[in-house]
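Going by the working numbering, the first residue of the sequence shown is number 55, and it counts up by one from there. Virtual Cβ for every residue (Gly too), placed ideally from N, Cα, C. The structure appears right after this line, and notes come after that.
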Amino acid sequence: MRVLVIGSGAREHALLLALRKDPQVDGLVIAPGNAGTALIADQHQVDITSGDEVAALARRVKADMVVIGPEVPLVLGVADAVRADGIVCFGPTKEAARIEGSKAFAKEIMAAAGVSTAASEIVDNPAYLDRALDRFGLAVGEPAWVVKDDRLAAGKGVVVTPDRAIARAHAARLLESGHPVLLESYLDGPEVSLFCVVDGMTVVPLLAAQDFKRVGDGDTGPNTGGMGAYAPLPWLPEGICAQIVTEIVEPVAAELTRRDCPFQGLLYAGLAITKNGPAVVEFNCRFGDPETQSILALLDSPLGQLLYAAATGELAAFGALRWRDGAAVTVVLAAENYPNHPRLGDVIIGSDADGVLHAGTTRRGDGTVVSSGGRVLSVVGTGTDLCAARSAAYRILESIRLPGGHFRTDIALLAAEGKIHI
Ligand code: GLY
55 MRVLVIGSGA REHALLLALR KDPQVDGLVI APGNAGTALI ADQHQVDITS
105 GDEVAALARR VKADMVVIGP EVPLVLGVAD AVRADGIVCF GPTKEAARIE
155 GSKAFAKEIM AAAGVSTAAS EIVDNPAYLD RALDRFGLAV GEPAWVVKDD
205 RLAAGKGVVV TPDRAIARAH AARLLESGHP VLLESYLDGP EVSLFCVVDG
255 MTVVPLLAAQ DFKRVGDGDT GPNTGGMGAY APLPWLPEGI CAQIVTEIVE
305 PVAAELTRRD CPFQGLLYAG LAITKNGPAV VEFNCRFGDP ETQSILALLD
355 SPLGQLLYAA ATGELAAFGA LRWRDGAAVT VVLAAENYPN HPRLGDVIIG
405 SDADGVLHAG TTRRGDGTVV SSGGRVLSVV GTGTDLCAAR SAAYRILESI
455 RLPGGHFRTD IALLAAEGKI HI
């Protein structure tokens with residue numbers, strides 16, 4: 055099977071590495087890729103937001119399956135264009151991708167499916183902002199206001215703050231530029247990412263993971279696309295994943311099917327484990343980054359065959375997934391000044407080490423690898439437990455040089471120390 059992967063992040067690098075291990079995968083192609091993926095797949099430059107260009111590339115390289123990584127092409131309907139050309143595609147239709155692309159749609163689906171989620175309100179008129187802020191956050195005894203950009207914002211459009219002035223300023227900035235904001239009630243409890251492979255009705259969960267969205271140690275500073283992740287979650291009570299599947303993901307998949315937009319691809323449930331049980335923070339329509347890097351490091355089942363089964367409606371017959379023992383910890387090395395205006399073009403030394411996945415990297419004509427994005431590398435350590443996996447990841451990081459580069463030093467630390475409680 056020849057697989058074309060769409061995207062350019064460490065998530066796509068991880069997908070390629072896992073696909074390469076599948077005995078039925080004998081050809082890998084990527085567009086647009088990065089300096090690391092170019093070493094393991096044929097790399098092509100196309101506009102990945104254009105369904106026509108992606109479908110044409112899939113035909114040209116004779117892809118048996120296209121796997122779309124990022125949300126933007128999915129929300130724009132690139133998977134529909136690929137399938138319209140008769141090529142198998144892992145990724146939801148434009149209609150189903152609204153579960154991530156439109157927060158209002160996601161809330162409507164969750165309400166219809168009876169799924170627990172934060173109370174919310176869309177504000178699109180600055181005149182109503184103050185009264186809306188009075189119905190959330192400290193005004194109603196919650197620990198913080200949660201203010202979200204209602205558009206796709208690569209994880210950076212969210213502000214969670216106990217300071218009303220900061221919450222108001224973020225919302226006002228968005229409204230001034232003509233974008234609606236979503237105010238949400240605060241869900242108290244540790245967060246879990248549960249990725250589920252879905253072919254319409256059948257739901258197959260992967261290992262639960264946790265990611266770290268703030269830029270600084272101790273969850274300080276602004277939100278980012280994700281600074282690290284680990285799997286599995288030793289603190290998660292047994293049975294919770296099964297509960298999330300039966301009470302949340304399956305009802306949402308069934309509701310989408312009922313509305314004639316069945317979800318086929320990776321349905322990412324971002325949840326808070328509150329004292330009343332799991333509640334949805336958000337749904338995404340694709341593999342998450344950087345959780346994927348940790349999860350796939352532990353997958354023992356053939357990824358190509360799994361994704362192909364989902365893309366062709368055969369998931370029910372696939373059988374139980376196999377996982378390696380132990381744990382995986384991913385630490386993101388980010389460029390100076392990320393997530394604001396990252397400095398690009400810095401030379402990276404040591405990016406070819408084992409366990410290093412590329413994201414914002416490019417190779418110059420002289421062979422030097424330089425940074426070309428805010429999140430530059432994902433470093434993945436594995437081990438018998440989280441302590442060992444953390445040590446492995448941070449040991450690899452010590453061998454890498456990126457001027458101005460920064461990373462969090464506390465990825466998976468509380469979990470490794472047994473300090474996460476529900
Ligand atoms: N890990 C966050 C995301 O992929 O959206």
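Which runs of the beta strand (DSSP E) spanning at least 3 residues fall entirely within the region 302-374, listed in chain order?
Whole beta strand (DSSP E) segments, 3+ residues: 318-328, 331-338.
Does the pairing of the region 300-312 with the region 401-415 give three or more beta-carbon distances under 8 angstroms?
Verdict: no, contact absent.
Select from Glu149, Leu237, Pro197, Gly145 the residue whose C-alpha is nearest the C-alpha of asparagine 179.
Looking at the Cα atoms, Leu237 is the closest of the given residues.
Quick one: Cα of proline 320 to Cα of phenylalanine 372, how far?
Contrary to the premise, residue 320 reads as leucine rather than proline in this sequence. Cα to Cα, leucine 320 sits roughly 16 angstroms from phenylalanine 372.
Considering only residues of the same chain and omitting the five flanking positions on each side of alanine 446, which have a CB-CB separation below 8 angstroms?
Excluding positions up to five away in sequence, the list reads Val383, Gly409, Gly435, Thr436, Gly437.
Closest to glycine 168 by CA distance: which of Phe249, Thr300, Glu149 is it?
If we check each option's Cα against that of glycine 168, Thr300 comes out closest.
In terms of residues, what are the limits of the beta strand (DSSP E) holding histidine 412?
First-last of the beta strand (DSSP E) with histidine 412: 410-412.
Pick out whichever of Gly195, Gly367, Gly419, Asp343 has its Cα sitting closest to the Cα of histidine 43.
What the structure shows of the chain is the stretch from 55 to 476, and residue 43 is not part of that stretch, so it cannot be assessed.
Quick check: what's the CA-CA separation for proline 86 versus valine 194?
Distance between the alpha carbons of proline 86 and valine 194 is about 47 angstroms.
Grab the span of the beta strand (DSSP E) containing isoleucine 60 for me, first residue to last.
Unbroken beta strand (DSSP E) run through isoleucine 60: 56-61.
If you draw a straight line from the alpha carbon of arginine 312 to that of alanine 363, how long is it in whole angstroms?
Distance between the alpha carbons of arginine 312 and alanine 363: 22 angstroms.
Which partner residues does methionine 119 have in the DSSP bridge list?
Answer by DSSP bridge pairing, in chain order: Val57, Val142.
Taking just the CA atoms, how far does aspartate 96 sit from arginine 114?
If I take the Cα positions, the gap works out to 12 angstroms.
On the DSSP bridge assignment, give the partners of isoleucine 84 in chain order.
Bridge partners of isoleucine 84: Val59, Gln97.
Is isoleucine 94 near arginine 74, with beta carbons less than 8 angstroms apart?
Their beta carbons are under 8 angstroms apart, which means isoleucine 94 touches arginine 74 by this criterion.
Using DSSP with H/G/I as helix, E/B as strand and the rest coil, what is proline 127?
The answer is helix: DSSP assigns proline 127 an H, G or I state.
Is the distance from the Cβ of leucine 398 to the Cβ of serine 426 below 8 angstroms?
Yes. Within cutoff.
Distance, Cα to Cα, phenylalanine 266 vs arginine 56?
If I take the Cα positions, the gap works out to 34 angstroms.
Name the DSSP beta bridge partners of cysteine 250, please?
Paired residue(s): Pro259, Leu321.
Would DSSP call valine 136 helix, strand or coil?
In the structure shown, valine 136 sits in a helix (DSSP, three-state: H, G or I).
In angstroms with no decimal places, state the Cα-to-Cα distance between valine 252 and aspartate 271.
In a straight line, the C-alpha of valine 252 is about 34 angstroms away from that of aspartate 271.
Which of the three DSSP states, helix, strand or coil, is assigned to histidine 67?
Helix.
Look up isoleucine 220 in the DSSP assignment and say whether it is helix, strand or coil.
Helix, per DSSP.
By alpha-carbon positions, which one of Leu431, Gly279, Ala158, Asp439 ends up nearest to isoleucine 450?
Closest option to isoleucine 450, Cα to Cα, is Leu431.
For glycine 435, would you say it is in contact with chain D, using Cβ-to-Cβ distances shorter than 8 angstroms as the test?
Looking at the structure shown, chain D is missing, and only one protein chain is on hand.
Hey, out of Arg137, His460, Glu125, whose CA is closest to serine 156's CA?
Selected option, being the one with the closest Cα: Glu125.
Would you check if there are 3 or more beta carbon pairs closer than 8 angstroms linking the region 376-393 to the region 332-352?
Contact holds: three or more Cβ-Cβ distances are below 8 angstroms.
For asparagine 88, which residues of its own chain have a beta-carbon under 6 angstroms away from its beta-carbon, when the five flanking residues on both sides are left out?
Excluding positions up to five away in sequence, the list reads Ser62, His412, Thr415.
Is it right to say proline 291 is buried, meaning 16 or more other beta carbons lie within 10 angstroms of its own, or is it exposed?
When all chains shown are included, proline 291 counts as exposed.
I believe tyrosine 392 touches threonine 278 by the beta-carbon criterion, under 8 angstroms. Please report the beta-carbon distance rounded to the nearest angstrom.
So it is a contact: roughly 7 angstroms between Cβ atoms.
By the 10 Å Cβ neighbour count, where 16 or more other Cβ atoms means buried, how is serine 247 classified, buried or exposed?
Result: buried.
Any idea what DSSP makes of methionine 432, helix, strand or coil?
Note that residue 432 is serine in the sequence shown, not methionine. Strand at serine 432.
For isoleucine 153, collect the residues of the same chain with a Cβ closer than 6 angstroms to its Cβ; drop the 5 residues on either side in sequence, then sort them by chain order.
Cβ within range, chain order: Ala160, Phe337, Cys339.
Taking 7 angstroms as the cut-off, is the CB of aspartate 265 close to at least one heavy atom of ligand 1?
Yes, since a heavy atom of ligand 1 falls inside the 7 angstroms radius drawn around the Cβ of aspartate 265.
Classify proline 276 as helix, strand or coil using the three-state DSSP reduction.
If DSSP states are grouped into helix, strand and coil, proline 276 belongs with the strands.
DSSP on glutamate 452, reduced to helix/strand/coil?
It is helical.
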